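So the structure is just underneath, and the comments pick up after that.
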Amino acid sequence: MTQLYFDHAATSFPKAPGVAEAAARFLGEDAGNAGRGVHRLANRAADALSHARRALAELIGAPSARLALAPGATFALNAALQGLLERGDRVVVGPEAHTSVLRPLRLLGAEVQEVRSDDVLRWDLEHLAQLLEQPTRLVVVAHGSNVTGAVQDLAGIAARCTASGARLLVDGAQTVGALPLDVDALGVDALAFSGHKGLLGPTGSGGLYLREGLELRPWITGGSGSRSHDEAPPAEFPGALEVGTPNAWAFATLSPALTWIADQTPAALHARTAPLAEALRAGLRALPQVTVFAADQPQDLPVVSFTVEGWRPQELAVTLDALEVSLRAGLHCAPRAHRRLGTEPDGTLRASLGPFLAADDVAEFLARLREVLG
Ligand SMILES: Cc1ncc(COP(=O)(O)O)c(C=O)c1O
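Below you can see the structure in the form of structure tokens.
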């Protein structure tokens, strides 16, 4: 039986061509400490970071000087929220918000307002404009929902933020690499992302883009490999965030994925998965016991949540794993989404697709699910 890995929204698998080889090569040949020596191994590790930074910046339309390398979206979101907000600031989020946004906001004592959405979690931009009539420091939006796949109208959201003076932080965990994105053209203030999802690279890689002219209050600090006589934390982005030994292994490993994605283009990769997602939604909707929670516009992500009458999501995920089907079950770290969808407390099953799957895999998944449901 072939393994059907339908959990790409958690992490991509398989990774892009060349990623596994680069991982072994770095640890076997190049594993110096970047920025902490003048010898060749340290230099090769530093080159790996520079290469990844340039390739990432190019992919999102940013100058590389405005991109901090980070261990993942969670770190990048914390850095942005802790660095931009003061205690008690008013912040607008959507029902799709991830706990990596909601928990830092709680820690910061932010006054959180939730924008209304439709039943696949797409934002109501009229309501956003109304919310922004009150002074608001920040709007935080997940570009793509990890529950319904809904992709938000970033240009529309950015325009309303600009009109009201609120800043816009985009959680691109699900979309960077998976969809075309140009931060400069969109007027986004900050964008956080992971390297292990749409970018098809390893865990431990990611980044934060911050618009020219914005700075973050230091939130984490430590060794930077330079100016060690000075006990004051480095203040300038991106160096201020890149403290401690950098994970050069992760970024050396991410690099072949970035080259591959740039060659293929995110638009072409999305065009590959979109018809599979359509077939998946249609196949699930044809099953009378199944309720589907998924956005189905051409730009939406191949992420499909569903519930099945008579089954708890966790139980069905375990049953399907025995048939070599990998799905995620539960709340997917997006508690407000389930409040909006009416899928509390158990959440949903989630099938999410990657660019190496084919139409036959979706057909086979539906066949195995039908076999379980009888
Ligand atoms: C929408 C969204 N935001 C943030 C994150 C956090 O990403 P990471 O766990 O890679 O830091 C995820 C991960 O699932 C996500 O789906």
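Here the sequence shown is numbered in the working numbering, starting from 345 and rising by one per residue. Note that CB positions come from ideal geometry on N, CA and C, so glycine has one too. Values in this document were obtained by computation on a predicted structure and should not be read as measured data.
Member of L645, D640, H676 whose CA lies at the smallest distance from the CA of L657: Before going on, a small fix: residue 657 reads as Pro here, not Leu. The candidate whose alpha carbon is nearest that of P657 is H676.
Given the structure, does G548 come close to ligand 1, in the sense that its CB is under 7 Å from one of the ligand's heavy atoms? no
By DSSP, does E782 sit in helix, in strand, or in coil? Lying outside 345 to 718, the shown extent of the chain, residue 782 is not represented and no answer is given.
Can you tell me where the alpha helix (DSSP H) holding Q518 begins and where it ends? Segment: none, Q518 is in no alpha helix (DSSP H) and carries neither H nor E.
Can you determine whether any heavy atom of ligand 1 sits closer than 7 Å to the C-beta of D644, and answer yes or no? no
Do L552 and V532 have their CB atoms nearer than 8 Å? no
Those residues which DSSP pairs with G551 across a bridge: L413, F537
For ligand 1, I want to know if A417 counts as a neighbour, meaning its beta carbon is within less than 7 Å of at least one of the ligand's heavy atoms. yes
Spatial neighbours of H471 in its chain, beta-carbon cut-off 7 Å, leaving aside the 5 residues before and after: V459, R460
Looking at C-alpha atoms only, which residue of L498, L602, N490 is the closest neighbour of D526? L498
So what's A368 in DSSP terms, helix, strand or just coil? helix
Sort W593, H383, L523, T480 by Cα distance to S549 and report the nearest one. W593
Roughly how many whole angstroms lie between the Cα atoms of A639 and A441? 16 Å
Roughly how many whole angstroms lie between the Cα atoms of A417 and T519? Per the coordinates, the alpha-carbon of A417 lies some 11 Å from the alpha-carbon of T519.
Would you check whether ligand 1 has a heavy atom nearer than 7 Å to the C-beta of N422? no
Count Cβ pairs between the segment 444-459 and the segment 577-592 that sit closer than 8 Å; are there 3 or more? no
Note down, one range per segment and in chain order, each alpha helix (DSSP H) of at least 4 residues found wholly within the segment 622-692. 657-666, 679-685
Here's a check: name, in chain order, each residue in its chain whose Cβ is nearer than 7 Å to the Cβ of A503, leaving out the five neighbours to either side. none
Round the Cβ separation of D515 and V485 to the nearest angstrom and send it over; I've been treating them as touching at under 8 Å. 7 Å
Which residue from A601, R431, I564 puts its Cα closest to that of R481? R431
First and last residue of the alpha helix (DSSP H) that includes A389? The continuous alpha helix (DSSP H) containing A389 extends over residues 384-404.
CB-CB under 6 Å to G627, same chain, minus the five flanking residues each way: which ones, in chain order? L710.
Where do the N-terminal and C-terminal ends of the beta strand (DSSP E) with R434 fall, by residue? 434-437
The segment 418-426 touching the segment 652-672, judged by at least three CB pairs closer than 8 Å: They do not touch, by the three-pair rule.
Just how far apart, CA to CA, sit P562 and V587? Taking the straight line joining both Cα atoms gives about 11 Å.
Under the three-state DSSP convention, the category V485 falls into: strand
Alpha-carbon spacing of Q496 relative to E575, whole angstroms: 43 Å
Residue range of the unbroken beta strand (DSSP E) whose run includes Q457: 455-458
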